[in-house]
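Dropping the structure here:
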């Protein structure tokens, strides 16, 4: 008998029938409207199918139906959390077509805006992770601090999330007085808070137990899916457009790209992705301080937005490092009053393709944490 | 690796595939090149470029990263653009161009699917297939799974085509306002640079 | 033997780390209990309590609130209507008394469509269309969200009077 | 020492309630149960719910309840009324009725065993300290049944998780209880009270380090056994919409929450009685009051002192739960089996050695 056991340990294992569970399009475990069709063995996920597209708004068609000057207002809504990135990608492409060179001050303001947006997006990410692991004190702290940054957006542009502030050839208006000082204040505040976050959640033992070694994106699979941004950096790929192809004056800023190397230990798992975000917040604070202190005098735009602004016929492709990864924008103009084609390359596409492999063998309780840790931007994936 | 040499090698390996090359966009400095190729031969070209054997074989970089895939309609033709980069040397960029002409407004067109070569092309192709009415065929002329991702079940027409007429009533919901007409788009229909 | 001891040591260390992290997390929240320091005050704004919460006056000057159109300054040039990304502005302008200025009979803004992007106020040459700081736009009916600033349609006798006035002006009979 | 000792339990209650001599025991018992439930348990639920909400709001830089009554003190009552007046859209299935029966049985059965003072002990047997285990386990069973009775995936997963946690947490709790009884030399509530004094130095928890370890193990395993945050995998919000309680609303939800609170409260009371001095008033107040013979004051002060200690313990646990993330169910059971159980056995052995040492020294 004992020999039988030794020969066929499979017989001794507890067998359970497979169950199928559809969650979504709206579920607490999902970061955004999407559908997961899970096959479960007990609480362990055997396989999964992802269905997205519940947030399709026909954005790219809408661009073609409206004037050029109202395009940034729509690029705002590409991603509600990182609205500036869409605007920046669109404006850079259109300026390349129209051969507009942006004034230095406008470039600095754009960098400040995009870094502030990165900070808000990453803070929202930290809050989502904290909620998914159920430490609600952390959620309240992070959201409270994000409000401070959103107040900066409100002071500068008048809106908190969809700041329709960038224009072709500059920005809408000059910075209000006191904005730079408040940026520096917020930098100090965030520096103070980051330590608090670490004490509270980042190195909490229960949090480590739940995140270390779970949902690993292997180093080799990153390029197979074309994953970019912090998720790729958490797996050891240091692709960052701000360094590779510096845009909008990122070349003169002195900052480093936080990266998780195999020597770091837990490579590519949930905790690595979480930690990368926190370190990126610190780096963004560094960039903000440099830019805010060195902002030059000058005019903020090449001129007021023309009522019938039409770029000449041509096309351009611009790349921006958004809070989720590489955001590309392909703009085609035929000299008409409306864009011929504006196509966005959202970084979330590659993550969506990677989900079925990632969730295999993961317990249901880790599913929300895993999905939140990928930072899926369904709004920009469906458009 | 210099682009001209690459193209000459490509002409040898895949004869008749490369039609012409022209600078992409208006980017100053060292221009990004876009290469027009025969659409049916895209799969062979993709295999050659992604393997990297033209760029000095093993050890050197290859165009193994399809960063972006965008389709646009110029006048009548649907122009597909493959933005290729190398994962090792991210500076090198090559843009492949191919065009197909649909016979009618609501007619499907066929385009070879490169998702076998570049796996990251899959989501882009799913979206283009649905919004542009492109049927992506695999190497053995099989047709990939057609899934309605973005549009509701039974949606008529392909919205991102130029002459698309918006329905005035969707699922019993009437539009309370006249939908924006696409007249703005047909300004000076020169068709951009790529339509040469 | 060494492995046994190291395993036991790792086990005990694990337990110790768990206890320590629980303790440090609890200690982090302690200063908030007494709201010590400037960084740890309560931040809840009890809307619409005017003392503790911000009112419309406290908002920054560039706040993009509900739109308002000073109809006296409005020239009816329809730039905002053309610019609006969501076509939420609908204007009807008639030939007015003075040939320069149009009679804006209808100027409706549908706030159920407005995305408050601020483009219309940006292109407005006479600075008549402005963003107020008001943000409380809740109504009971969807139709109540349409704010109309027009002067109302023109009656026929008015139109005739203006036409005669214009003719008089053109033929230099009267001097305005 | 006092004239009530030696008489039956009903004498104290009869005197306290001012009933005549001829009152039958069942009447006294019924009135006593009603008094305990209405005057102790429900107000405790109110109090602890309010402290939970207000203190967690303070920890999280919020304001917390501040509308109903002074500083929102009546907020739990308002919530209860709101839950009670919700209309039921689903009919009760027989499964839910079964769950309700088990749940209520567990909820009310241990009220009689609840140690609330030297005189309020309705039942004080040699096995009193074990009866609450039965109650908590049946409560876990009822929670599992209720999860199954919903016929939804969150209910099923939550029910299984609750059952697993209850099984994992019962063993270390039992061993820790044994070490406490070893110190007391019995499992009567009065025995536990007899060996402890008013000052913390004379509490069982501080008699020797092993007893303190036993107390910690007892508390944590109680959290595991009852599924109290942050160890409430059976009710986790993000993945299961609240698990067992996902499809509860209205009266069912209020009943469910009351049952969960009662488990929490029961466990805290037992911890206080076993390890933290029980109801013995400090500074020898108990002795003086007993000699004075005013039993009502004695019982009242004992109750207040016991509840004060219980509330502070519960508030500390709530504080820990607020700032720590929720653990996974397999991690919780691993923790209970691999960490709590060895430590509880270690504490039991140490407590036994200490007790033996005391006996030997007394002999010498």
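Residue numbers (my numbering), protein chains in the order written: chain A, 1 to 383; chain B, 1 to 196; chain C, 1 to 176; chain D, 1 to 364. Just so it is clear, CB atoms sit at the ideal spot from N, CA and C, and this is done for glycine as well. Only a predicted model underlies this, so the values are computations on that prediction, with no experimental measurement involved.
Per-residue DSSP class, three states only, for residue i
i: residue 110 of chain B; result: strand
i: residue 93 of chain B; result: strand
i: residue 2 of chain C; result: helix
i: residue 67 of chain B; result: strand
i: residue 203 of chain D; result: coil
i: residue 356 of chain D; result: helix
i: residue 100 of chain A; result: coil
i: residue 99 of chain D; result: helix
i: residue 227 of chain A; result: coil
i: residue 48 of chain A; result: strand
i: residue 8 of chain B; result: helix
i: residue 85 of chain D; result: coil
i: residue 314 of chain A; result: strand
i: residue 102 of chain C; result: strand
Which residues DSSP lists as bridging residue i, in chain order
i: residue 74 of chain C; result: In DSSP, residue 74 of chain C forms no bridge with anything.
i: residue 34 of chain B; result: B/22 and B/95
i: residue 328 of chain A; result: A/319 and A/345
i: residue 83 of chain B; result: B/68 and B/95
i: residue 125 of chain D; result: In the DSSP output, where bridge partners are listed per residue, residue 125 of chain D has none listed.
i: residue 107 of chain C; result: C/91
i: residue 18 of chain A; result: A/41
i: residue 69 of chain C; result: C/129
i: residue 167 of chain A; result: A/170
Proximity test, Cβ basis, 8 angstroms: residue i and chain C
i: residue 315 of chain D; result: no
i: residue 61 of chain D; result: yes
i: residue 6 of chain A; result: Reliability fails at residue 6 of chain A, whose pLDDT of 42 lies under 50, so the model's placement of it is uncertain and the value that follows must be treated cautiously. Residue 6 of chain A does not count as touching chain C.
i: residue 319 of chain D; result: yes
i: residue 192 of chain A; result: yes
i: residue 433 of chain D; result: Here chain D has residues from 1 to 364 only, and residue 433 of chain D is not among them.
Whole-number beta carbon distance between residue j and residue i, since they are thought to touch under 8 angstroms
i: residue 115 of chain B; j: residue 130 of chain B; result: Wrong, their Cβ atoms sit about 15 angstroms apart, outside the cutoff.
i: residue 278 of chain A; j: residue 152 of chain A; result: Not really, about 20 angstroms apart at Cβ, beyond 8 angstroms.
i: residue 359 of chain A; j: residue 370 of chain A; result: 6 angstroms
i: residue 138 of chain C; j: residue 111 of chain C; result: At roughly 10 angstroms, the Cβ-Cβ gap does not stay under 8 angstroms, so residue 138 of chain C and residue 111 of chain C are not in contact.
i: residue 117 of chain D; j: residue 302 of chain D; result: 4 angstroms
i: residue 276 of chain A; j: residue 230 of chain A; result: 5 angstroms
i: residue 29 of chain C; j: residue 137 of chain A; result: 6 angstroms
Chain A contact for residue i (CB, 8 angstroms cutoff)
i: residue 180 of chain C; result: Nothing can be reported for residue 180 of chain C, as the shown portion of chain C is limited to 1 through 176.
i: residue 33 of chain B; result: no
i: residue 329 of chain D; result: yes
i: residue 264 of chain D; result: no
i: residue 159 of chain B; result: yes
i: residue 44 of chain B; result: no
i: residue 49 of chain D; result: no
Chain D contact for residue i (CB, 8 angstroms cutoff)
i: residue 270 of chain A; result: no
i: residue 134 of chain A; result: yes
i: residue 7 of chain C; result: no
i: residue 15 of chain C; result: yes
Minimum Cβ-Cβ distance from residue i to chain B less than 8 angstroms
i: residue 261 of chain A; result: no
i: residue 332 of chain A; result: yes
i: residue 382 of chain A; result: yes
Next on the checklist: Which residues of the segment 237-249 of chain D have a Cβ closer than 7 angstroms to any Cβ of chain E? Give them in chain order.
Outcome noted: Among the chains of the structure shown, chain E does not appear; the protein chains present are A, B, C and D.
Item to check | Short-range partners of chain D found in the segment 195-208 of chain A, where Cβ spacing is below 8 angstroms | outcome: 200, 201, 204, 206 and 207
Checklist entry - In the segment 34-48 of chain C, which residues sit with their C-beta less than 9 angstroms from some C-beta in chain D, listed in chain order? => result 34, 35, 40, 41, 42, 43, 44 and 46
Checklist entry - Just by C-beta distance, which residues in the segment 339-364 of chain A are closer than 7 angstroms to chain D? => result 363 and 364
Next on the checklist: Short of 8 angstroms Cβ to Cβ, which residues in the segment 209-225 of chain D face chain A?
Outcome noted: none
Next on the checklist: By the 9 angstroms beta-carbon criterion, what residues does the segment 43-73 of chain A contribute toward chain C?
Outcome noted: 62, 66, 67, 69, 70, 71, 72 and 73
Item to check | Contact set between the segment 18-43 of chain A and chain D, restricted to residues whose Cβ is under 7 angstroms from the partner | outcome: 21, 28, 29 and 43
Next on the checklist: Please identify, using Cβ separations under 9 angstroms, the residues of the segment 20-33 of chain C that lie next to chain A, in order along the chain.
Outcome noted: 20, 21, 22, 24, 25, 27, 28, 29 and 32
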